[in-house]
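Undergrad: The listed protein sequences correspond, in order, to chains A, B and C.
All the letters of the first sequence, read from the start, carry residue numbers 0 to 401 under numbering that gives the first Met the number 0.
All the letters of the second sequence, read from the start, carry residue numbers 0 to 401 under numbering that gives the first Met the number 0.
All the letters of the third sequence, read from the start, carry residue numbers 0 to 401 under numbering that gives the first Met the number 0.
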Amino acid sequence: MSDHTREELISALLFSLDNLDTGLYNRDFLLTWENSTDAIEGVLDAAESIRLMMEGGISTRVFDTGLAISLFRDQSTRTRFAYASAASLLGLSLSELDEKKTQIAHGETVRETANMISFAAESIGIRDDMYLGEGDAFMREVSEALDEGYQEGVLPNRPAVINLQSDIDHPTQSLSDLLHLRKTFGSLENLKGKKIAVTWAYSPSYGKPLSVPQGLIGLLPRYGMDVVLAHPEGYDLLPDVVKQAGDFAEESGGSFTQVASMEEAFANADIVYPKSWAPYQVMEQRTAYLRGGDSDKLDALEQECLAKNAQFKNWECTADLMKGTKDGEALYMHCLPADISGVSCEQGEVSAEVFEKYRLKTYHEASYKPYVIAAMMMLCRFEKPADILRSLLKENKPRRGF
Amino acid sequence: MSDHTREELISALLFSLDNLDTGLYNRDFLLTWENSTDAIEGVLDAAESIRLMMEGGISTRVFDTGLAISLFRDQSTRTRFAYASAASLLGLSLSELDEKKTQIAHGETVRETANMISFAAESIGIRDDMYLGEGDAFMREVSEALDEGYQEGVLPNRPAVINLQSDIDHPTQSLSDLLHLRKTFGSLENLKGKKIAVTWAYSPSYGKPLSVPQGLIGLLPRYGMDVVLAHPEGYDLLPDVVKQAGDFAEESGGSFTQVASMEEAFANADIVYPKSWAPYQVMEQRTAYLRGGDSDKLDALEQECLAKNAQFKNWECTADLMKGTKDGEALYMHCLPADISGVSCEQGEVSAEVFEKYRLKTYHEASYKPYVIAAMMMLCRFEKPADILRSLLKENKPRRGF
Amino acid sequence: MSDHTREELISALLFSLDNLDTGLYNRDFLLTWENSTDAIEGVLDAAESIRLMMEGGISTRVFDTGLAISLFRDQSTRTRFAYASAASLLGLSLSELDEKKTQIAHGETVRETANMISFAAESIGIRDDMYLGEGDAFMREVSEALDEGYQEGVLPNRPAVINLQSDIDHPTQSLSDLLHLRKTFGSLENLKGKKIAVTWAYSPSYGKPLSVPQGLIGLLPRYGMDVVLAHPEGYDLLPDVVKQAGDFAEESGGSFTQVASMEEAFANADIVYPKSWAPYQVMEQRTAYLRGGDSDKLDALEQECLAKNAQFKNWECTADLMKGTKDGEALYMHCLPADISGVSCEQGEVSAEVFEKYRLKTYHEASYKPYVIAAMMMLCRFEKPADILRSLLKENKPRRGF
């Protein structure tokens with residue numbers, strides 16, 4: 000891409016961003032469905048602008064000093080590095096809050112800690128997806144503490160809480176997915192009428208979070224897509240999110256339907272997203288046992304679930320199944336890492352043949368996450384992010400060298 | 000605050016700093032009482048200048064590259080983030096030295112390691128407060144190794160060792176407290192004749208460090224305050240520090256007295272600082288057992304101490320006790336986190352009612368720590384810190400955005 | 000040193016660098032012997048330039064944003080801080096990849112992870128020295144994954160993989176050693192005909208990596224030195240590296256010989272480098288047992304090796320042995336930390352007397368490592384590193400203050 004073309008593309012994105020009312024300034028990014036479509040489109044525009052500048056070697060350092068804090072209550076490599084990359088691209092120093100204790104803190108402890116770590120903070124990224132009913136609630140507790148601290152003059156700035164995966168939603172993932180779709184199909188408008196199959200798939204592991212499929216069905220119906228959800232009996236997602244998906248479909252003129260097999264979901268689909276998750280009822284029970292410290296019951300529950308899981312080994316995304324999709328060429332998507340049959344496990348979510356065909360596309364899909372996070376930081380922390388990005392473009396400072 | 004007012008305030012602070020002979024350049028900050036009052040006032044002036052610039056959105060980045068190293072031999076969240084914030088505000092990259100082994104290293108190991116980590120370092124913050132007789136000694140060993148390395152041309156710069164809490168003193172805490180007092184009462188001069196009650200308080204935990212109360216009695220008598228120390232029998236502080244407190248009181252025309260009850264200490268006090276700690280004799284015994292790896296004796300000692308502790312549950316800062324203070328409105332202070340009765344524990348150092356009344360004030364008290372640490376870094380690392388800060392003010396580079 | 004002298008020295012180094020064809024741009028630095036002497040001299044020239052600028056207070060920040068990733072599969076303090084220092088000196092944010100699991104990942108896991116962490120990365124430093132046959136192979140797997148990711152547009156830049164110690168070579172150490180020798184003897188040319196004794200030495204520990212002695216014999220014979228290797232029977236180094244050492248000696252007109260005693264090796268030596276290591280056959284067996292998870296056999300192997308080790312306690316670098324070296328004044332070298340008899344262990348690699356005499360020289364030897372790493376980063380990541388360094392020199396921006 001020539002520098003001139005890049006500059007024109009970025010200018011067009013910033014012109015779009017100018018005209019959006021995102022409502023994100025001095026706020027957080029916790030759930031896509033509580034945000035306006037302007038907010039979502041704003042994140043995509045800013046993310047793509049930052050990505051193009053990075054690609055073009057233009058510095059996007061908008062902070063001279065300051066912290067980007069992260070708190071991972073679940074192991075993470077990909078999201079950790081996406082967050083670290085976003086922090087670095089904007090000029091923030093990463094500081095990880097390491098909770099040694101697994102106990103779930105509330106009240107004054109959260110309120111006080113949130114303030115004590117935030118004197119120089121611009122963002123607090125939190126992953127807390129293991130306990131149903133906990134993650135999103137915890138993020139809101141942190142958010143309220145920061146509101147108070149800022150209003151009372153304890154904090155010089157109001158850092159943005161960014162949901163890096165909660166029990167309910169995974170917005171940095173779903174917006175990376177949406178940006179991938181926008182780039183693949185040319186525009187958000189072009190997604191209208193496209194069919195996407197969001198389906199459960201078999202994995203030998205246990206207890207994968209619900210936030211990825213919920214993030215998808217809570218987001219994509221807003222764009223007039225035909226979203227089809229499929230999973231074995233008993234693998235339900237949270238009822239509230241399912242309801243939200245239906246409401247969005249109705250508003251947008253798209254559709255949200257549930258079917259009972261992968262085959263049916265894949266039929267003539269433009270996009271497929273097969274992915275393992277645990278039933279929400281199991282996650283609820285698990286949270287209760289964890290709270291009670293009931294390790295015998297936890298073990299029994301895990302055994303029960305793995306046995307149940309094993310009944311659905313045929314929920315695998317194979318080349319045969321892919322033949323039933325639109326022209327046999329649906330776009331395969333995955334948040335990574337996928338459980339690939341014969342590669343990362345004996346039998347898993349996707350056959351080696353299908354995965355290898357789309358492998359680099361899934362890498363591209365993942366590559367947008369650092370920019371989505373950086374965009375959320377910018378939209379939450381700056382009143383006029385388009386102006387800031389335009390200044391960066393005009394200054395044209397090299398990111399590396401001279 | 001208007002930009003103009005802020006600029007005038009900072010200029011006045013820097014004018015004050017100009018006229019102080021801190022003696023800190025190319026040295027460390029280990030104990031307040033081995034430093035001059037000029038050094039202490041210099042830290043406060045620089046800290047408040049940096050804080051005001053941060054508040055006004057002015058960049059305080061004085062390092063283009065370089066490391067701020069930290070070594071925490073005890074768990075820490077608040078001080079860790081205060082140090083990380085200070086490093087970021089000045090432009091240093093944080094690098095944490097993680098000692099896997101609990102053994103206490105000495106000699107060539109310390110000497111060599113101190114040099115090997117410091118080739119690009121500007122500061123080394125150390126928390127080592129668990130073993131009486133060890134922490135301060137360790138810091139001095141590191142300091143001597145750095146002196147040699149710098150003199151012999153091994154190190155291009157002489158990083159400053161900053162005491163982030165030792166067995167003896169906790170200067171970043173006590174100077175944050177002092178800055179809080181200076182801002183609350185208007186000036187250091189106004190502290191003359193004010194009565195502060197530094198008292199033990201009950202906590203269900205065991206072995207809290209002595210460095211917080213010692214830091215207070217070793218500092219505040221220098222300012223003509225009436226410092227009253229109270230604790231149950233057997234909860235003595237280090238005799239050397241107690242003696243130092245008396246000497247300072249005599250020099251300044253203030254007073255240092257010890258009483259036997261919280262009630263007496265609180266009587267007509269302007270400020271109260273109730274806080275749990277372990278007796279120094281117990282800490283000494285504990286260190287001996289730890290060195291000997293004598294875990295049975297350690298357990299027995301802990302049980303004995305907890306039993307003794309439990310005799311003094313009535314040492315709690317309650318609303319009733321607060322009534323006895325000056326106009327019933329003494330300033331309550333705490334280094335956080337406090338053990339709050341009915342909130343963070345069944346019964347603790349302070350009642351929920353008292354804590355809630357002063358909660359935000361304790362947050363403000365804590366908010367100065369990042370700036371105190373940054374100020375120590377600047378005074379130890381720059382010959383003319385006021386000139387550097389004045390240049391920052393003049394350059395007026397935005398900390399965020401453009 | 001005057002600023003003028005420093006500037007002239009740096010200019011001369013950059014003039015030398017201009018005329019070298021290092022071939023490192025967009026590549027990795029894994030083994031010295033697969034790189035040209037131009038590449039090696041280029042690293043030394045760039046390292047010394049960066050060091051002189053650091054010493055002179057000139058900023059070497061060439062990256063405005065971006066990550067320097069590290070992955071330590073073995074504990075490390077010295078190299079960790081050398082890498083952190085290099086990252087900071089060039090302006091990169093350090094991000095450590097923390098592998099919880101000890102299992103050795105391959106295939107899609109490596110390929111995917113390498114890409115997922117690298118969207119904003121400029122370098123990936125890897126230490127993987129514990130398992131013979133694994134470390135170098137792993138680094139090449141990462142390297143190939145990065146090649147693919149960059150070619151396919153997944154990655155905006157191709158980060159450089161930098162070997163921070165593999166099972167085969169330890170180039171950041173051996174090039175620091177070489178820079179120490181160049182500075183001590185005046186030039187690489189002056190090393191011609193100098194005798195260096197690379198010898199095994201007794202240590203009470205077990206399983207020290209082979210990469211240090213291999214790094215030395217694989218590098219120094221290229222400079223016409225007389226390299227003498229000595230170790231007890233059964234402590235062989237990898238045959239391929241030994242062969243390479245002989246080939247280089249032949250090409251350069253130097254020599255590579257093996258003798259059976261420390262005494263013989265030290266005879267009239269200009270330099271001695273006594274250091275413990277484990278036999279490669281043992282390391283191979285160990286790797287096989289580790290792969291098989293055979294902990295009983297691992298324990299037995301360790302006992303056997305320690306017993307064998309104990310037969311060679313007389314392989315200690317003593318003052319008496321040093322008398323046999325050139326004028327009794329050979330340069331003693333060590334990669335640190337050394338096992339010092341009566342200091343860090345009862346009996347070890349070197350007597351306290353000899354070590355203390357050369358202690359500060361070993362600190363200086365180690366002090367070049369951060370600059371060697373920074374130089375590798377610059378040569379691998381910039382097409383014209385001399386131009387970049389010349390711009391830094393000309394810009395003359397203070398690294399600290401104003």
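Idealized CB from N, CA, C, for every residue including glycine.
To which residues of the same chain is Ser405(B) closer than 7 angstroms at the C-beta, ignoring the five residues directly before and after it?
TA: As displayed, chain B neither begins before 0 nor continues past 401, which places residue 405(B) out of reach and without an answer.
Undergrad: Anything in chain A within Cβ reach of Leu88(B), meaning under 7 angstroms, just list it in chain order.
TA: One-based indexing of the second sequence puts residue 88(B) at position 89. Thr64 and Ala119, listed in chain order.
Undergrad: Give me the Cα-Cα distance between Ala229(A) and Thr324(A), rounded to the nearest whole angstrom.
TA: Position 230 of the first sequence, counted from the first residue, corresponds to residue 229(A). Position 325 of the first sequence, counted from the first residue, corresponds to residue 324(A). Approximately 15 angstroms between the Cα atoms of the pair.
Undergrad: Please report the straight-line C-alpha distance between Pro212(C) and Glu345(A), rounded to a whole angstrom.
TA: Indexing the third sequence from 1 puts residue 212(C) at position 213. Indexing the first sequence from 1 puts residue 345(A) at position 346. Taking the straight line joining both Cα atoms gives about 42 angstroms.
Undergrad: Which residues bound the alpha helix (DSSP H) around Val281(C)?
TA: By one-based count along the third sequence, residue 281(C) stands at place 282. Start and end: Tyr279 to Gly291.
Undergrad: Alpha carbon to alpha carbon, how far is Arg72(C) from Asp293(C)? Give it in angstroms, no decimals.
TA: Taking the first residue of the third sequence as position 1, residue 293(C) is located at position 294. Taking the first residue of the third sequence as position 1, residue 72(C) is located at position 73. Taking the straight line joining both Cα atoms gives about 20 angstroms.
Undergrad: Taking the alpha-carbon positions, what's the Leu237(C) to Gly214(C) distance?
TA: Locating residue 237(C) in the third sequence gives position 238, where the first residue counts as 1. Locating residue 214(C) in the third sequence gives position 215, where the first residue counts as 1. Between Leu237(C) and Gly214(C), the C-alpha separation is close to 11 angstroms.
Undergrad: Interface residues of chain A around Ile387(C) at Cβ under 8 angstroms?
TA: Taking the first residue of the third sequence as 1, we reach residue 387(C) at position 388. Per Cβ cutoff of 8 angstroms: Gly400 and Phe401.
Undergrad: Under 8 angstroms Cβ-Cβ, which residues of chain B neighbour Gly148(A)?
TA: By 1-based counting over the first sequence, the position of residue 148(A) is 149. Near Gly148(A) (Cβ distances below 8 angstroms), the residues of chain B are Tyr362.
Undergrad: Assuming the contact rule is C-beta atoms closer than 8 angstroms, Glu263(C) and Ala318(C) should be a hit. Round their C-beta distance to whole Å, please.
TA: The sequence position of residue 263(C) within the third sequence is 264, counting from 1. The sequence position of residue 318(C) within the third sequence is 319, counting from 1. The beta-carbon separation of Glu263(C) and Ala318(C), rounded to 18 angstroms, does not stay under the 8 angstroms limit for a contact.
Undergrad: Starting from the C-beta of Ile387(C), find all residues in its chain whose C-beta is less than 8 angstroms away, skip the five residues before and the five after it, and write them out in chain order.
TA: As a first step, residue 387(C) must be located in the third sequence, where it is residue number 388. Val61, Met377 and Phe381, listed in sequence order.
Undergrad: Helix, strand or coil for Tyr272(B) per DSSP?
TA: Your numbering for residue 272(B) matches position 273 in the second sequence. Three-state DSSP puts Tyr272(B) in a strand.
Undergrad: Which residues in chain A sit within 9 angstroms of Phe184(B), going by Cβ to Cβ distance?
TA: Position 185 of the second sequence, counting from 1, holds the residue named residue 184(B). Ordered by position in chain A, no residue passes the 9 angstroms Cβ test against Phe184(B), which lies about 18 angstroms from the chain.
Undergrad: Start and end of the alpha helix (DSSP H) containing Ala365(C)?
TA: Position 366 of the third sequence holds residue 365(C). Per DSSP, Ala365(C) belongs to the alpha helix (DSSP H) from Ala351 to Ser366.
Undergrad: When the Cα of Leu29(B) is compared with those of His169(B), Asp17(B) and Thr64(B), which residue comes out closest?
TA: Taking the second sequence and counting its residues from 1, the one referred to as residue 29(B) is at position 30. For the residues His169(B), Asp17(B) and Thr64(B), the minimum Cα distance to Leu29(B) belongs to His169(B).
Undergrad: Since Val61(A) meets chain B, which of its residues come closer than 9 angstroms, beta carbon to beta carbon?
TA: In the first sequence, the residue the question calls residue 61(A) occupies position 62. Residues of chain B passing the Cβ test: Arg399, Gly400 and Phe401.
Undergrad: When the Cβ atoms of the region 41 to 48 of chain B are set against those of the region 171 to 178 of chain B, are three or more pairs found closer than 8 angstroms?
TA: In short, these stretches touch, since the Cβ pair count reaches three.
Undergrad: Excluding five sequence neighbours on each side, which residues of the same chain lie with their C-beta closer than 7 angstroms to the C-beta of Glu217(B)?
TA: In the second sequence, counting from the first residue as 1, residue 217(B) sits at position 218. Just to set this straight, residue 217(B) is Gly in the shown sequence, not Glu. Once the five neighbours on either side are set aside, the close Cβ partners of Gly217(B) are Thr31, Trp32, Asp168, Val240, Gln243 and Ala244.
Undergrad: Can you pull the chain A residues whose beta carbon is under 7 angstroms from the beta carbon of Asn114(C), in chain order?
TA: As a first step, residue 114(C) must be located in the third sequence, where it is residue number 115. Near Asn114(C) (Cβ distances below 7 angstroms), the residues of chain A are Tyr362.
Undergrad: How far does the beta strand (DSSP E) with Leu93(A) in it extend, from its first residue to its last?
TA: Numbered from 1 along the first sequence, position 94 holds the residue referred to as residue 93(A). Run containing Leu93(A): Ser92 to Leu96, per the beta strand (DSSP E) assignment.
Undergrad: I'd like the list of long-range same chain contacts for Asp146(C), defined as Cβ closer than 8 angstroms, with 5 residues on each side in sequence excluded.
TA: Start at 1 with the first residue of the third sequence, and residue 146(C) comes out as number 147. Cβ neighbours of Asp146(C) beyond the five flanking positions: Arg157.
Undergrad: Should Asn395(A) go down as buried or exposed, given a rule of 16 or more other Cβ atoms within 10 Å for buried?
TA: For the purposes of this step, residue 395(A) is identified with residue 396 of the first sequence, where counting begins at 1. Exposed, by the Cβ-count rule.
Undergrad: Could you tell me the boundaries of the beta strand (DSSP E) in which Phe255(A) lies?
TA: The count along the first sequence starts at 1 and reaches residue 255(A) at position 256. Note, Phe255(A): beta strand (DSSP E), Ser254 to Val258.
Undergrad: Mapping the DSSP letters down to three states, classify Val61(B) as helix, strand or coil.
TA: What you label residue 61(B) is simply residue 62 of the second sequence in a count that begins at 1. Coil, per DSSP.
Undergrad: What is the C-beta distance between Leu88(A) and Pro278(A), in whole angstroms, given that I count them as a contact (C-beta under 8 angstroms)?
TA: If you number the first sequence from 1, residue 88(A) lands on position 89. If you number the first sequence from 1, residue 278(A) lands on position 279. Not really, about 38 angstroms apart at Cβ, beyond 8 angstroms.
Undergrad: Is the region 350 to 364 of chain B touching the region 295 to 309 of chain B in the sense that three or more CB pairs, one from each, lie closer than 8 angstroms?
TA: By the criterion of at least three beta-carbon pairs nearer than 8 angstroms, the region 295 to 309 of chain B is not in contact with the region 350 to 364 of chain B.
Undergrad: If I measure Cβ to Cβ from Gln102(A) and keep anything under 7 angstroms in the same chain, skipping five residues before and after, which residues do I get?
TA: To locate residue 102(A), count along the first sequence from 1; it is residue 103. Any reading at Gln102(A) is ruled out, since the residue's pLDDT is 47, under 50, leaving its predicted position unreliable.
Undergrad: Tell me Cys344(A)'s beta-bridge partners as DSSP assigns them.
TA: Here residue 344(A) refers to the residue found at position 345 when the first sequence is read from its first residue. Answer is Ser340(A), bridged to Cys344(A).
Undergrad: Are there 16 or more other CB atoms within 10 angstroms of the CB of Gly152(C), so buried, or fewer, so exposed?
TA: Reading the third sequence from its first residue, position 153 is the one you call residue 152(C). Gly152(C) counts as exposed, since fewer than 16 other C-beta atoms from the protein chains shown sit within 10 angstroms of its C-beta.
Undergrad: Helix, strand or coil, according to DSSP, for Glu107(C) in the structure here?
TA: One-based indexing of the third sequence puts residue 107(C) at position 108. Of the three classes helix, strand and coil, the one that applies to Glu107(C) here is helix, per DSSP.
Undergrad: Rounded to whole angstroms, what's the CA-CA distance from Val342(B) to Asp97(C)? Just pull it up for me.
TA: Taking the first residue of the second sequence as 1, we reach residue 342(B) at position 343. Taking the first residue of the third sequence as 1, we reach residue 97(C) at position 98. Rounded to whole angstroms, Val342(B) to Asp97(C) spans 36 angstroms at the Cα level.
Undergrad: Using beta carbons (cut-off 8 angstroms, strictly below), is Val371(A) in contact with chain C?
TA: On the first sequence, residue 371(A) is found 372 positions in, with the first residue counted as 1. Chain C, which has no Cβ nearer than 8 angstroms to the Cβ of Val371(A), makes this no.
Undergrad: How big is the Cα-Cα spacing for Thr80(A) and Ser84(C)?
TA: As a working note, residue 80(A) is residue 81 in the first sequence. As a working note, residue 84(C) is residue 85 in the third sequence. It is worth fixing the name first, because residue 80(A) is Phe in this sequence and not Thr. Distance between the alpha carbons of Phe80(A) and Ser84(C) is about 20 angstroms.
Undergrad: Under 8 angstroms, Cβ to Cβ, is there at least one residue of chain A near Ile339(B)?
TA: Against the second sequence, residue 339(B) aligns to sequence position 340. For Ile339(B), the answer is yes, since a Cβ of chain A falls inside 8 angstroms of its Cβ.
Undergrad: Could you tell me the boundaries of the alpha helix (DSSP H) in which Ala264(B) lies?
TA: For the purposes of this step, residue 264(B) is taken as residue 265 along the second sequence, with counting starting at 1. Start and end: Met261 to Phe265.
Undergrad: Within 8 angstroms of any Cβ in chain C, is that where the Cβ of Val153(B) sits?
TA: Reading the second sequence from its first residue, position 154 is the one you call residue 153(B). Yes, Val153(B) counts as interfacial toward chain C.
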